[in-house]
Amino acid sequence: MPDVAPLHIVSGKGGTGKTTVALALALMLRRSGETLVCEVESRHGLSEAAGLSKIPEGEERRVTVAGQKLHMLSVDSRHALRDYLDHIRLGVAGTLLDKTGFVDFASELAPGLRDVLLTGKVYQAARRRMKGQADPVDAVVMDAPPTGRIENFLTAGEALAEVVVVGPIAPQAESIMALLRAETTRVHLVTTCTEMALTETLQTIDALTSHGIGVGHIIVNQVMSDPPPLPDSVTDEGLRAAWEKDMAVAAGQRPWADQLAARLSELGRGPALTLPLLPDEVGPDDLVQIADLLAEGWDA
Amino acid sequence: MRRLFGVGDLLSDLTVRVVVTCGTGGVGKTSVSAALAVAAAEAGRQVVLVTVDPARRLATALGLEGLGGEPQPVPGITGGSLDALMLDMTQTFDDAVRSHAPKNRVDEVLRNPFYKALSTSFSGTQDYMATEKLGQLYEQAQATGRWDLIVVDTPPSRSALDFLDAPGRLDRLAEGPVLQLLAPSSGPLKLIGIGLSQVTWLISKIIGSQALIDLQVFASAFETVMAGFRRRAAVVRKLLSSPAAAFVIVASPRKAALDEARYFVGQLRDRGTTARGVVVNRVSPAVELSADAERSLTLEPEAYAWWRAGWATWRAQRSRMLKALPASLPVTLAQTLEREVTDLDVVRELGSLLVNGAGLSEEDEGPVVDV
Numbered sequence: 001m002p003d004v005a006p007l008h009i010v011s012g013k014g015g016t017g018k019t020t021v022a023l024a025l026a027l028m029l030r031r032s033g034e035t036l037v038c039e040v041e042s043r044h045g046l047s048e049a050a051g052l053s054k055i056p057e058g059e060e061r062r063v064t065v066a067g068q069k070l071h072m073l074s075v076d077s078r079h080a081l082r083d084y085l086d087h088i089r090l091g092v093a094g095t096l097l098d099k100t101g102f103v104d105f106a107s108e109l110a111p112g113l114r115d116v117l118l119t120g121k122v123y124q125a126a127r128r129r130m131k132g133q134a135d136p137v138d139a140v141v142m143d144a145p146p147t148g149r150i151e152n153f154l155t156a157g158e159a160l161a162e163v164v165v166v167g168p169i170a171p172q173a174e175s176i177m178a179l180l181r182a183e184t185t186r187v188h189l190v191t192t193c194t195e196m197a198l199t200e201t202l203q204t205i206d207a208l209t210s211h212g213i214g215v216g217h218i219i220v221n222q223v224m225s226d227p228p229p230l231p232d233s234v235t236d237e238g239l240r241a242a243w244e245k246d247m248a249v250a251a252g253q254r255p256w257a258d259q260l261a262a263r264l265s266e267l268g269r270g271p272a273l274t275l276p277l278l279p280d281e282v283g284p285d286d287l288v289q290i291a292d293l294l295a296e297g298w299d300a
Numbered sequence: 301m302r303r304l305f306g307v308g309d310l311l312s313d314l315t316v317r318v319v320v321t322c323g324t325g326g327v328g329k330t331s332v333s334a335a336l337a338v339a340a341a342e343a344g345r346q347v348v349l350v351t352v353d354p355a356r357r358l359a360t361a362l363g364l365e366g367l368g369g370e371p372q373p374v375p376g377i378t379g380g381s382l383d384a385l386m387l388d389m390t391q392t393f394d395d396a397v398r399s400h401a402p403k404n405r406v407d408e409v410l411r412n413p414f415y416k417a418l419s420t421s422f423s424g425t426q427d428y429m430a431t432e433k434l435g436q437l438y439e440q441a442q443a444t445g446r447w448d449l450i451v452v453d454t455p456p457s458r459s460a461l462d463f464l465d466a467p468g469r470l471d472r473l474a475e476g477p478v479l480q481l482l483a484p485s486s487g488p489l490k491l492i493g494i495g496l497s498q499v500t501w502l503i504s505k506i507i508g509s510q511a512l513i514d515l516q517v518f519a520s521a522f523e524t525v526m527a528g529f530r531r532r533a534a535v536v537r538k539l540l541s542s543p544a545a546a547f548v549i550v551a552s553p554r555k556a557a558l559d560e561a562r563y564f565v566g567q568l569r570d571r572g573t574t575a576r577g578v579v580v581n582r583v584s585p586a587v588e589l590s591a592d593a594e595r596s597l598t599l600e601p602e603a604y605a606w607w608r609a610g611w612a613t614w615r616a617q618r619s620r621m622l623k624a625l626p627a628s629l630p631v632t633l634a635q636t637l638e639r640e641v642t643d644l645d646v647v648r649e650l651g652s653l654l655v656n657g658a659g660l661s662e663e664d665e666g667p668v669v670d671v
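Heads up: the protein sequence lines correspond to chains R and Z, in order. The opening residue of the first sequence carries number 1 in the working numbering; numbering runs sequentially from there. The opening residue of the second sequence carries number 301 in the working numbering; numbering runs sequentially from there.
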């Protein structure tokens, strides 16, 4: 019997390119089976990065990205709560609860409930093949909240379990935590070669590990290469200054790359994967290039 | 040339008492907020900077170890003064409960499992607490005259507008049926066609009946706290919609950040406020070469290719900025710095880039040599 599909959770500091990496990872995984790529409450960042028109929230679509067919889903808490009520056979209650403001209450204030419902949607999708349901997938990629919020997001089930001991949501929260701690679930962290992003990444590795959540790859993105030597014949001062700045920026990455490598080896982890600095807007060819680069180091 | 955003004029305008920075994650909003605060302080103002970033990186940038929940003076500032503080959510929340709740109910609230989870979870709570802190600081500034400018770095939530909308959401939540339903002191609730017991039954089906009881205890004790929050939130809402508050949008030349900036402008306008301007951070303008210089560089193919790639990046950035940013919005560009913003000197450097302002030109000069 097939198992639950592996879940790849991609997080990273804001601006490090986590959405692009999530999309490229989905393209890489598509080479070995049906793949779902989803985002949680991130306002269509995924469809935008893929150059697609917005897909409606809560509705899974089949899309073509760089010539590959992917399943794509944008999860939001309102739809997730409705689906959950359907699931526990209280579907008609949705409208009623919406009227009383409970839906707002749940998504604004009830601690962890929102995050648990969001992850719950992804959890259902990952189990489709195992349960013999329609549209089975072999891998799920989640473009997750940034590292600043990822610990709270992934441990929302624990927070919820502290206040809700019985009722249908309690076992739901528990099985989600079990999925997140499973061997088949990995959190991949995207960073840049800067002190702030690396510090946050290392803190996140420690935090997730302490909750029993497995950290997968560390992906150093937007690495700038050294500029070629500027010949002495070039006398333009502005150009020389710009060149020196590029050299300084490229060289400035090195100490942080070394520090990361040292820390990862201390932790008994493999080396980080490295991706080059690409133009600000990535196109299909860039996504394929990133997918190829990821594939090279993924199983090493 | 787009209208230049005069950051220096804004910071020296004594009628401006609050500067709020809005922007999506990863654009350097925290660094820009610190740079604005340092520039204002060194121009002679008495400034307090509130940051809400959990990564504690501003503490490093300002040479403060363990920046706490209370304003602490930043050493090395000349001219005026600068205090900085980091929003400690749990502490702000506990303090608010102590000051707003009746004495005999304080412990009950602080011990309630819902309160504990709420005060440590990040979902939405941070925005309410940022509002509460801004309200506290503003009242303190009015009362003591310790500060004449508050710089607020908005929480890294799903949207910076969550912060702006927090006062209104608090009102809706308090007036909404759920809290009234759960708090017995509000009296019987008459929902059209819906019985009270049906709704509580439904909620208990979702979260369980013990949790419903805890929630009811929490809600009733919390009612009075809520009233205190709302009082302060009303002060903040009034302040933010007055000319004393200036909204500064922070973006980067990436498409997502620029789209977000335009979205903020629209959302602010819907709330009757105008953004003072946008700082586009981390731009990389290419060096313009004379035709002769360019021709001589073509003799070195590798170096020429590097320069052209830089030129192409800059041109793409500029056209993206011109397209995404509304023509009415004043703009200033801040170049990518050589070093990261991790000490006061770099914060100052960024501050002077902002104050000295580089404009966004609309002429499109390209490489002259075709290869």
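Note that beta-carbon positions come from the ideal geometry of N, C-alpha and C, so glycine has one too.
- Query: Going along the chain, which residues of its own chain have a beta-carbon closer than 8 Å to the beta-carbon of Thr524 (chain Z), five neighbours each way excluded?
  - Reply: Excluding positions up to five away in sequence, the list reads His400, Ala401, Pro402, Arg405.
Proximal residues of chain Z, C-beta to C-beta of Asp76 (chain R) below 8 Å: Here the premise fails: no neighbours, minimum Cβ distance about 10 Å.
**OP:** Could you name the residues of the segment 613-625 of chain Z whose beta carbon sits closer than 8 Å to any beta carbon of chain R, in the order they occur along the chain?
**Re:** Taking 8 Å as the Cβ-Cβ cut-off against chain R, the residues of the segment 613-625 of chain Z that qualify are Thr613, Ala616, Gln617, Arg620.
**Asked** Does any CB atom of chain R fall closer than 8 Å to the CB of Leu589 (chain Z)?
**Response** Leu589 (chain Z) counts as touching chain R.
For a contact meaning CB atoms closer than 8 Å, what does Ser233 (chain R) contact in chain Z? Neighbours of Ser233 (chain R) on chain Z, chain order: Ser596, Leu599, Glu600.
query = Using 8 Å as the limit for Cβ to Cβ distance, is Ala248 (chain R) near chain Z?
reply = Ala248 (chain R) counts as touching chain Z.
**OP:** May I ask which residues mark the beginning and end of the alpha helix (DSSP H) holding Asn412 (chain Z)?
**Re:** From DSSP, Asn412 (chain Z) is part of no alpha helix (DSSP H); its letter is neither H nor E.
Taking Asn581 (chain Z) and Val548 (chain Z) to be in contact with their CB atoms under 8 Å, please state how far apart those CB atoms are, rounded to whole angstroms.
Their Cβ separation, rounded to whole angstroms, is 11 Å, which puts Asn581 (chain Z) and Val548 (chain Z) out of contact at 8 Å.
*asked:* What ranges does the alpha helix (DSSP H) occupy inside the segment 592-624 of chain Z, keeping only unbroken runs of at least 4 residues that lie completely in it?
replied: Taken in chain order, the complete alpha helix (DSSP H) segments of 4 or more residues contained in the segment 592-624 of chain Z are 601-624.
- request: Counting only the same chain and skipping the five closest in sequence on each side, list residues whose C-beta sits under 7 Å from that of Lys555 (chain Z).
  value: So the qualifying residues of the chain are Arg620.
DSSP state of Thr315 (chain Z), grouped into three classes?
Coil, per DSSP.
Count the other CB atoms within 10 Å of the CB of Phe414 (chain Z); is the residue buried (16 or more) or exposed (fewer)?
-> Flag for Phe414 (chain Z) reads buried.
Note to self: Any beta carbon of chain Z sitting closer than 8 Å to that of Val164 (chain R)?
What the structure shows: Answer yes: the Cβ-Cβ gap between Val164 (chain R) and chain Z drops below 8 Å somewhere.
*Note down the Cα distance separating Thr204 (chain R) from Asp448 (chain Z), rounded to an integer number of angstroms.*
Taking the straight line from one Cα to the other gives about 38 Å.
*Counting only the same chain and skipping the five closest in sequence on each side, list residues whose C-beta sits under 8 Å from that of Asp395 (chain Z).*
Contacts found: none.
| query | With a cut-off of 8 Å, does the C-beta of Asp138 (chain R) fall near any C-beta of chain Z? | reply | Not a single CB atom of chain Z sits nearer than 8 Å to the CB of Asp138 (chain R).
Subject >> Cross-chain neighbours of Pro543 (chain Z) in chain R, by beta carbon under 9 Å >> reply: Neighbours of Pro543 (chain Z) on chain R: none; closest Cβ ~30 Å, over 9 Å.
**Study point:** Residues that Leu154 (chain R) bridges to, as DSSP identifies them
**Key:** According to DSSP, Leu154 (chain R) bridges with nothing at all.
For this session: Using a Cβ cut-off of 8 Å, pull out every chain R residue sitting near Ala337 (chain Z), in sequence order please.
Result: Residues of chain R whose Cβ lies closer than 8 Å to the Cβ of Ala337 (chain Z) do not exist, since the nearest Cβ in that chain is about 18 Å away.
Check your understanding: Mapping DSSP to helix, strand and coil, what is Phe305 (chain Z)?
Key -> In this structure, Phe305 (chain Z) counts as coil in the three-state DSSP scheme.
May I have the straight-line CA-CA distance separating Arg571 (chain Z) from Asp427 (chain Z), to the nearest angstrom? Linking Arg571 (chain Z) to Asp427 (chain Z) through their CA atoms gives a straight-line distance of about 17 Å.
Give the range of the beta strand (DSSP E) segment to which Gly577 (chain Z) is assigned.
Counting along the chain, Gly577 (chain Z) sits inside the beta strand (DSSP E) bounded by residues 575-583.
Q | Per-residue contacts from Pro279 (chain R) into chain Z (C-beta, under 7 Å) | A | Residues of chain Z passing the Cβ test: Thr613, Ala616.
(Q) Pull the bridge partners of Ala384 (chain Z) from the DSSP assignment, please. (A) According to DSSP, residue pairing for Ala384 (chain Z) in a beta bridge involves Z:Leu349, Z:Gln372.
Quick one: grab the DSSP three-state call for Ala546 (chain Z). In the structure shown, the three-state DSSP call for Ala546 (chain Z) is strand.
Buried versus exposed, by CB contacts within 10 Å (16 or more), Ala527 (chain Z): Exposed, by the Cβ-count rule.
- Which one or two residues does DSSP pair with Gln68 (chain R) in a beta bridge? DSSP lists R:Val65 as partners of Gln68 (chain R).
Best match in R:Gly216, R:Asp143, R:Asp236 for proximity to Glu183 (chain R) [C-alpha to C-alpha]
Looking at the Cα atoms, R:Gly216 is the closest of the given residues.
Give the straight-line distance between the Cα atoms of Asn152 (chain R) and Val631 (chain Z), rounded to the nearest whole angstrom. Near 36 Å, if we compare the C-alpha coordinates of Val631 (chain Z) and Asn152 (chain R).
| message | For Gly325 (chain Z), would you say it is in contact with chain R, using Cβ-to-Cβ distances shorter than 8 Å as the test? | response | Cβ-Cβ to chain R under 8 Å: yes for Gly325 (chain Z).
- Task: Check the DSSP bridge columns for Pro276 (chain R) and list the partner residues they point to.
- Result: In DSSP, Pro276 (chain R) forms a bridge with R:Val223.
**OP:** Starting from His8 (chain R), follow its DSSP beta bridges and name the residues at the other end.
**Re:** Partner(s): R:Val141, R:Arg186.
Which same chain residues end up closer than 6 Å to Leu653 (chain Z) when comparing Cβ atoms and leaving out the 5 residues on each side of it in sequence? Counting only Cβ-Cβ distances below 6 Å, and skipping sequence neighbours, we find Ala634.
- Taking only beta carbons into account, state which residues of the segment 527-559 of chain Z come closer than 9 Å to chain R, listed in chain order. Going along the segment 527-559 of chain Z in chain order, one finds Ser552, Pro553, Arg554, Lys555, Ala556, Ala557, Asp559 with a Cβ nearer than 9 Å to chain R.
| request: Can you grab the Cα-Cα spacing for the pair Ala545 (chain Z) / Val318 (chain Z), in whole Å? | output: Taking the straight line from one Cα to the other gives about 5 Å.
query: Would you say Asp292 (chain R) faces chain Z, with C-beta separation under 8 Å as the test?
result: For Asp292 (chain R), the nearest beta carbon of chain Z is not closer than 8 Å to its own beta carbon.
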